[in-house]
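> In this note's numbering, the protein residues as written are 1446 to 2136.
By construction, the Cβ of each residue, glycine as well, lies at the ideal position given by its N, Cα and C atoms.
1. Start and end of the beta strand (DSSP E) containing residue 1927?
2. Taking the beta carbon of residue 1536 as the centre, do at least 16 other beta carbons fall within 10 Å, making it buried, or is it exposed?
3. Between which residues of its own chain and residue 1573 is the CB-CB distance below 6 Å, once the five residues before and five after are set aside?
4. Tell me whether the region 1965-1976 and the region 2052-2070 touch, counting them as touching only if at least three CB pairs, one residue from each stretch, are closer than 8 Å.
5. Does the region 1508-1521 touch the region 1704-1715, meaning 3 or more C-beta pairs lie closer than 8 Å?
6. If residue 1997 and residue 2035 are in contact, beta carbons under 8 Å, what's the gap, nearest whole angstrom?
7. Tell me, please, which residues DSSP counts as bridged to residue 1671.
8. Figure out for me which residue from 1549, 1511, 1498 has the closest Cα to the Cα of residue 1531.
9. Assign residue 1497 to one of three DSSP states: helix, strand, or coil.
10. Would you check if there are 3 or more beta carbon pairs closer than 8 Å linking the region 1781-1801 to the region 1844-1855?
11. Give the straight-line distance between the Cα atoms of residue 2024 and residue 2008, rounded to the nearest whole angstrom.
12. For my contact list, residue 1895 and residue 1985 are in at a C-beta cut-off of 8 Å; report their separation, rounded to the angstrom.
13. From this set, 2078, 2108, 2020, 2042, which residue's C-alpha is nearest residue 2132's C-alpha?
14. Going by alpha carbons, who is nearest to residue 1589 out of 1488, 1766, 1892, 2116?
15. Could you tell me the distance, in whole angstroms, from the CA atom of residue 1991 to the CA atom of residue 1938?
16. For residue 1509 and residue 1487, what's the separation of their Cα atoms in angstroms?
17. In three-state DSSP terms, what is residue 1809?
18. With a threshold of 16 other CB atoms inside 10 Å of the CB of residue 2106, please say whether the residue is buried or exposed.
19. Within its chain, find whatever has a CB closer than 8 Å to the CB of residue 1545; leave out the 5 residues flanking it on each side and keep chain order.
20. Here's the rule: buried if 16 or more other CB atoms are within 10 angstroms of the residue's CB, otherwise exposed. What is residue 1636?
21. Could you tell me if residue 2088 is buried or exposed, where buried requires 16 or more neighbouring beta carbons within 10 angstroms of its beta carbon?
22. Using beta-carbon positions only, say whether residue 1526 and residue 1489 come within less than 8 Å of one another.
23. Please give me, in chain order, every unbroken run of the beta strand (DSSP E) with length at least 3 that falls completely inside the region 1967-2017.
24. Using the Cα positions of residue 1473 and residue 1614, report the straight-line distance between them to the nearest angstrom.
25. Where does residue 1929 land, buried or exposed, given buried means 16+ other C-beta within 10 angstroms?
26. Could you give the DSSP three-state label for residue 2057: helix, strand or coil?
27. Determine the direct distance from the alpha carbon of residue 1694 to that of residue 1926, and round the result to whole angstroms.
28. Assuming residue 1776 contacts residue 1595 (C-beta within less than 8 Å), just tell me the rounded distance between them.
29. Please state the DSSP three-state secondary structure of residue 1842.
30. Scan the region 1619-1700 and note each continuous alpha helix (DSSP H) run of 4 residues or more that stays entirely inside, going in chain order.
31. With distance defined between alpha-carbon atoms, name the residue in 1758, 1686, 1644 nearest to residue 1467.
32. Note down the Cα distance separating residue 1915 from residue 2093, rounded to an integer number of angstroms.
33. Per DSSP, what kind of secondary structure is residue 1901 in: helix, strand or coil?
34. Let me know if residue 1769 comes out buried or exposed under the rule of 16 or more other beta-carbons within 10 Å of its beta-carbon.
35. State the beta-bridge partners of residue 1856 as determined by DSSP.
36. Once the 5 residues before and after residue 2149 are set aside, which same chain residues still bring their CB inside 6 Å of it?
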């Protein structure tokens, strides 16, 4: 889509009429369903229309075009701001979809949902996260350029594009946006623009109730380019000034940009404008009729869209086709000049892995004690040379998380003084910003054409949880590397020792939590996660040990989530002991004791209950035969996960309280994580099963 320069900018009566149409469509849609957020959609209509019709490079006929700019509506409650522009520009939405707003099965849910509505780049609603998603998209755009076209002069590559985001007071009050904005400034993400809707209204009234800082000074301190535009005399958006500010932001390539735009919520509704009621309530028939009179529309009509307005707005399809064709020409020239990179692009964009990639995976020596976090680090370093699309880092814990894929290459902007700084570097330093890291990883995954991971301690998954939930809601192939997974981290004590976290994370639908028993299971787990990237996308959380654990022979059945690690000496096991992570060694030692007593004992390693539950019933039965009622589950966390696996006669060796600051071995012994206690639990389960 061609853009207009400030000198050539045109704003016709039809543009104004299209904007007013969008305002009233928002009011009518909320009124029809009886709930929603009309006010912001009304006041933001000129800004959203300007972005979609005058500024942004996109093709409504191909919403997933690689060369497009991205648009993020961070205040997802004003979803009609986006839906009306998608309708007008000619995406898949039609008028009936707006009429079906917030109703079951419609393409226009209450908050925008990625994968549900064409043109929606991310699911937004939890405030602040859309802003962080946009930061991640801007990071991904830079890394993508580094993969495929790093030598091209600035602004000339087919991989150069912008990230446009509308953010609200609520977004900027949430701490996650501050974390992400700080990193964006540090990274000098010149391809990122925030349009801040400064409407001074929140649910509780005027933002003076809780928010009075100078936002632009804060962003200036972050290292952003800042601008402010004021409304026109009658209170509407000054569109020429807005357009000029957006183009100035595009031209600022050395810093991210934020534009503070003062708006009047629900403008021009005669009595509802500038009120908190208009934020989250239907305006009412009389107020909507009065607004229609102000704008010169028929107050008796609803969802009024003239053919002339729709025809004018849908010229966006022609501009999109023109921009797409120009990009096609540019990408064809690039393919000719860069055949090897073109081959890489084709593979990566399909989500495929290179032939023979698994040969790079290390196989760890059986019997050796290796921490699974250390194994993971070796795996990442081995995969780096064969998977250039794989990148990531840590929330300032790389040395502990073992997440440094390349020590010589850090994702840092030009001008950074560190010797390993590279704008296209492999290792990301997210800083001590766990929540933003997760939300940025979501944005990176949404952008596409790379594979992202990020690490911190498992206990700090609490900080990230809502972004992890959004990963699962959107089914994004991000990988969380959570280390220090139990009381096994020892002396740091209960503030750092996860107890409830494994069960809590497993409670998130669509998140696969993988807690490998040893180094070889860790390698198999990484391989399975990478294989699922394109065929079965989902977020994964690797829970890895700080302490060394015994290494067993590799068994590819670990990729099924649960498998028989050591079988019973009897044809049918008398008791099954299942365990994860560092507790598998306890199960193996308990088995030895029970077998010595003549009790046929099977050990099942269960690195991922979600993967196991996806297996065919026959396989699950072969691992956990229903006829075997004596069962024990062992995990150094709360036992909530395991009740459905052990049954009425089963026993769970778990940790139902916080830990303490002490040596890890002392804590395991004190809290009953010993072979003797596991064997005793097995005997108790056997007695219960026979009773």
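Checking against the coordinates, here is how it stands:
1. Looking at the DSSP string, the run of the beta strand (DSSP E) that includes residue 1927 is 1924-1928.
2. By the neighbour-count definition (other C-beta atoms within 10 Å, threshold 16), residue 1536 is a buried residue.
3. The residues 1616, 1619, 1621, 1622, in chain order, have a CB closer than 6 Å to that of residue 1573 in the same chain once the five nearest residues on each side in sequence are set aside.
4. A contact between stretches requires three or more CB pairs, one per stretch, nearer than 8 Å, and the region 1965-1976 meets this requirement with the region 2052-2070.
5. In short, these stretches do not touch, since the Cβ pair count stays below three.
6. Not a contact, Cβ separation roughly 15 Å.
7. Residue 1671 is bridged to 1703.
8. Checking every option, the nearest Cα to that of residue 1531 belongs to 1498.
9. Residue state, collapsed to three classes: helix.
10. With fewer than three CB-CB distances shorter than 8 Å, the region 1781-1801 does not count as touching the region 1844-1855.
11. One alpha carbon belongs to residue 2024, the other to residue 2008, and they sit about 11 Å apart.
12. Their Cβ separation, rounded to whole angstroms, is 16 Å, which puts residue 1895 and residue 1985 out of contact at 8 Å.
13. That would be 2020, whose Cα lies nearest to the Cα of residue 2132.
14. Per the Cα distances, 1892.
15. Cα-Cα distance, rounded: 14 Å.
16. Cα atoms of residue 1509 and residue 1487: separation of roughly 27 Å, rounded to the nearest angstrom.
17. It is coil, neither helix nor strand.
18. That one is exposed.
19. Closer than 8 Å at the Cβ level, and outside the excluded window around residue 1545, lie 1551, 1552, 1553.
20. Answer is buried; the Cβ neighbour count reaches 16.
21. Classification for residue 2088: exposed.
22. Their beta carbons are under 8 Å apart, which means residue 1526 touches residue 1489 by this criterion.
23. Counting only runs of 3 or more, we get 1985-1989, 1993-1995, 2008-2011.
24. For residue 1473 and residue 1614, the distance between alpha carbons rounds to 25 Å.
25. Looking at its Cβ environment, which holds 16 or more other Cβ atoms inside 10 Å, residue 1929 is buried.
26. Of the three classes helix, strand and coil, the one that applies to residue 2057 here is helix, per DSSP.
27. Whole-angstrom Cα-Cα distance: 36 Å.
28. That pair is no contact at about 16 Å.
29. The answer is coil: DSSP assigns residue 1842 none of H, G, I, E or B.
30. Listed in chain order, the complete alpha helix (DSSP H) runs (minimum 4 residues) inside the region 1619-1700 are 1620-1632, 1660-1667, 1684-1696.
31. Nearest C-alpha to residue 1467 among 1758, 1686, 1644: 1758.
32. For residue 1915 and residue 2093, the gap between their C-alpha atoms comes out near 35 Å.
33. Look at residue 1901 here: in three-state DSSP terms it is strand.
34. Buried, since its Cβ has 16 or more Cβ neighbours within 10 Å.
35. The partner list for residue 1856 (beta bridge, DSSP) reads 1867.
36. There is simply no residue 2149 to check, as the chain begins at 1446 and stops at 2136 in what is shown.
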